[in-house]
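Novice:
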Amino acid sequence: MLIGQVERLRRYPVKSLLGEELSAAEVTGRGVAGDRERALLDLATGRVASAKHPRLWAGLLRYSAAATADGRVAITGPDGRAADEAELSEALGRKLALIAERPPGATVERAVPEEVLARGIEAEVAVTVNELGRAAPEGGFFDFAPVHLITEATLRAVGVEAERYRPNLVLRTEGEGFVENAWVGRELAVGETLRLRIVAPTPRCAVPTLGHGSLPRRAEALRVPAERNRLVPLEGMPALPCAGVYAQVLASGRVEPGAEVRLN
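Quick note on the numbering used here: the sequence shown kicks off at 1033 and runs consecutively.
#1: Going by DSSP, what residue range makes up the beta strand (DSSP E) through LEU1164?
#2: For THR1234, is the classification buried or exposed, using 16 other Cβ atoms within 10 angstroms of its Cβ as the cut-off for buried?
#3: Report the option in ALA1065, LEU1282, ASN1261 whose CA atom is closest to the CA atom of LEU1272.
#4: Of the residues GLU1208, ASN1213, GLY1152, which one's Cα is nearest the Cα of ALA1189?
#5: What span of residues does the alpha helix (DSSP H) with ALA1081 cover, start to end?
#6: Just checking my contact of VAL1030 with ARG1043 at CB under 8 Å: how many whole Å lie between their CB atoms?
#7: Less than 9 Å separating the beta-carbons of VAL1148 and ALA1253?
#8: For the beta strand (DSSP E) that contains ARG1070, what are its first and last residues?
#9: Can you find the residues in the same chain that come closer than 7 Å, C-beta to C-beta, to GLU1295, ignoring five residues on each side of it along the sequence?
#10: Reducing DSSP to helix, strand and coil, say where LEU1093 ends up.
#11: Alpha helix (DSSP H) containing THR1100: first to last residue?
#12: Can you name the residues that DSSP bridges to ILE1153?
#13: DSSP three-state call for VAL1144: helix, strand or coil?
#14: So the candidates are ALA1056, LEU1282, TYR1197, ALA1232; which of them puts its Cα closest to the Cα of LEU1247?
#15: Since ALA1106 contacts ALA1098 with CB under 8 Å, what's their CB separation in whole angstroms?
#16: Between the alpha carbons of GLY1171 and ALA1177, how many angstroms are there, rounded?
#17: Where in the region 1166-1198 do unbroken runs of the alpha helix (DSSP H), each at least 4 residues long, occur, reported from the N-terminal end onward?
#18: Determine the closest residue to ALA1202 out of VAL1192, LEU1181, PHE1210, VAL1144, with distance taken between C-alpha atoms.
#19: I need the DSSP call for THR1225, collapsed to helix, strand or coil.
#20: Is GLY1051 closer than 9 Å to SER1121 when the C-beta atoms are compared?
#21: Going along the chain, which unbroken runs of the alpha helix (DSSP H) with 4 or more residues stay wholly within the region 1203-1265?
#22: Considering only their Cβ atoms, is the gap separating GLY1285 from VAL1222 smaller than 9 Å?
#23: Thinking C-beta only, is LEU1164 closer than 9 Å to VAL1140?
#24: Where PRO1257 and ASP1074 are concerned, what is the direct C-alpha to C-alpha distance, given to the nearest angstrom?
#25: Could you tell me the alpha carbon to alpha carbon distance between GLY1297 and GLU1154, rounded to whole angstroms?
#26: Which first and last residues belong to the alpha helix (DSSP H) in which ALA1123 is found?
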């Protein structure tokens, strides 16, 4: 059943840094080529730096990362100049190392998002510690699964920009917001060969509410899903604010904006 088209295609070469728009990409079992292949490691704690803990790491979202033709990444600061680990360490006040291999059992800290909403990003709030990539192949720095997608219908319902949710695919579909909830457990055919299995709704943390480059803070990015779309993402978890869905790759393929998307 034809349900829409790919509207936008994005990747994030360094976890928790701003990403880049793509005109085409290869998608394999490890996700969009070049996506989340690197991360910044907090050398004091041994944990991966993530804006999910905004009091420590919201400043990461002022920096952008782009993949280069020779397989490296170029990091750019808010002033447009090239930035490196030393500058990021100084700006964030913690010693950081840019890494390309995910350490065994790598974890991130996730601030309780409702507490961040209520008390602000500078407040000391409760955090949980989450292991990365439980539904992803070895390598990479995915929160859960290797592909994340969201529909324009959901973005319209919430009233925020796609960049806040950090998806790989933005899909143009008919219907009201949160239509992708119904896809969990089913397969999507994207373009000629790419096949995805939708595995879970995407629970939202405080990240979408934060400033992203020139985009200001927007509490609605979490508040609206909290009011309208609380779901149990996986068995044993509580109901959480969700927007978008996670997917695994069943068959690799090249994808471009405009590619048709069919629900199987």
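The beta-carbon is built from N, C-alpha and C at its ideal position, and this holds for glycine as well.
Specialist: Taking the coordinates as given:
#1: Segment: none, LEU1164 is in no beta strand (DSSP E) and carries neither H nor E.
#2: buried
#3: Relative to the Cα of LEU1272, the nearest Cα in the group ALA1065, LEU1282, ASN1261 belongs to ASN1261.
#4: GLU1208
#5: From DSSP, ALA1081 is part of no alpha helix (DSSP H); its letter is neither H nor E.
#6: The chain is shown from 1033 up to 1296; residue 1030 falls before or after that span and cannot be answered.
#7: Remark: C-beta atoms of VAL1148 and ALA1253 do not approach each other more closely than 9 Å.
#8: No beta strand (DSSP E) holds ARG1070; DSSP gives it neither H nor E.
#9: Before going on, a small fix: residue 1295 reads as Leu here, not Glu. So the qualifying residues of the chain are MET1033, ILE1035, TRP1215, ARG1218, LEU1220.
#10: helix
#11: Neither: THR1100 is in no alpha helix (DSSP H) and is coded neither H nor E.
#12: DSSP lists no partner for ILE1153.
#13: coil
#14: TYR1197
#15: 5 Å
#16: Linking GLY1171 to ALA1177 through their CA atoms gives a straight-line distance of about 12 Å.
#17: 1184-1190
#18: The residue you asked about is not Ala; residue 1202 is Val in the sequence shown. Closest option to VAL1202, Cα to Cα, is LEU1181.
#19: coil
#20: no
#21: 1252-1260
#22: yes
#23: yes
#24: 31 Å
#25: The shown model of the chain, from 1033 to 1296, leaves out residue 1297, and the question about it has no answer.
#26: 1117-1124
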